[in-house]
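Numbering (our numbering), first residue to last: -14 to 269.
One structure below.
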């Protein structure tokens, strides 16, 4: 919601300053300039990025307004899932969790954590790496190296949407200039006509430059930075799982493993030690 408030502040500040300087709002309404700028930006975005990345950007866009889908409740469920999985394998053996690992989306154990289950990437990361350990018995340092390589790739994937949007933000001032140049071309064709008509064409051309810069630095650039923060935020869940898994492989008890993962969560979403302890009591 802070992002939405920021957008409103940007609009109100610019518009109120313009009106206070006796500006005419009707002059700023140039639909064909907007068509040139936004249409060219959209086309460039589609040419520059694969369809899978375009869908990823669209799926993450609402989170710019609503915030990250990974909140404190999600992290409590994630730690509860990790604890339950480790505790079950510790008490009943690896064979007892084989069905849970192989079919997590139909597992009764995973079904107790619906928020986590909706994030297929997180579930697959947990089950895939735990499966590697149960099948191979790798020492902690070797498993950690494997997980680090995967997390590096995941980090690139999580940050790719922000990079794609940032390239659009960088291009928007240029498309604003394109719209302005086309406006000047139209103006030159009107030389010899009424001064009022020439003035309107020049104003429209300048509005094109304004809109390109305004969209870039007022909205798309900040949205790109917000997407980058969201990607970095989501990466914490993977680091949390890695820490928990490495702790268990190293011989620590499931409650201790969950605590090591808790410490890596974002401070604003991190449950306290007491909150985590109360949550884990439900699964003992």
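Note that CB positions come from ideal geometry on N, CA and C, so glycine has one too.
Predicted model, so just to flag it, every value in this text is computed and none were measured.
Quick check on residue i: does DSSP put it in helix, strand or coil?
i           : result
residue 88  : coil
residue 255 : coil
residue 55  : coil
residue 35  : coil
residue 98  : coil
residue 152 : helix
residue 6   : coil
residue 159 : helix
residue 107 : helix
residue 28  : helix
residue 203 : helix
residue 176 : coil
residue 188 : helix
residue 264 : helix
residue 78  : coil
residue 227 : helix
residue 235 : coil
residue 269 : coil
residue 15  : coil
residue 122 : coil
residue 248 : coil
Using the Cα positions of residue i and residue j, report the straight-line distance between them to the nearest angstrom.
i           : j           : result
residue 31  : residue 237 : 49 Å
residue 50  : residue -13 : 8 Å
residue 220 : residue 113 : 17 Å
residue 181 : residue 17  : 19 Å
residue 103 : residue 199 : 37 Å
residue 92  : residue 26  : 45 Å
residue 229 : residue 223 : 10 Å
residue 201 : residue -1  : 14 Å
residue 234 : residue 120 : 13 Å
residue 156 : residue 35  : 18 Å
residue 73  : residue 149 : 42 Å
residue 123 : residue 117 : 8 Å
residue 76  : residue 151 : 49 Å
residue 90  : residue 107 : 12 Å
residue 184 : residue 43  : 40 Å
residue 172 : residue 1   : 29 Å
Between which residues of its own chain and residue i is the CB-CB distance below 7 Å, once the five residues before and five after are set aside?
i           : result
residue 213 : 144, 147
residue 247 : 64, 255, 256, 261
residue 209 : 147, 150, 151, 154
residue 205 : 150, 153, 154, 157
residue 46  : none
residue 39  : 31
Excluding sequence positions up to five away, which residues of its chain have a Cβ less than 8 Å from the Cβ of residue i?
i           : result
residue 129 : 227, 231
residue 101 : 59, 62, 63, 66, 95, 107, 108
Please tell me whether residue i and residue j are closer than 8 Å, where the distance is taken between their beta carbons.
i           : j           : result
residue 164 : residue 197 : yes
residue 160 : residue 21  : yes
residue 265 : residue 24  : no
residue 29  : residue 153 : yes
residue 12  : residue 188 : yes
residue 94  : residue 61  : no
residue 239 : residue 68  : yes
With distance defined between alpha-carbon atoms, name the residue in the options nearest to residue i.
i           : options       : result
residue 270 : 193, 12, 157  : Only positions -14 to 269 of the chain appear in this structure, which leaves residue 270 out of reach.
residue 225 : 245, 3, 135   : 245
residue 131 : 86, 115, 260  : 115
residue 140 : 85, 204, 217  : 217
residue 19  : 184, 47, 162  : 162
residue 249 : 82, 179, 57   : 57
residue 37  : 142, 9, 7, 87 : 142
Enumerate in chain order the residues of its own chain whose CB-to-CB distance from residue i is below 6 Å, with the five nearest sequence positions on each side excluded.
i          : result
residue 15 : 189, 192
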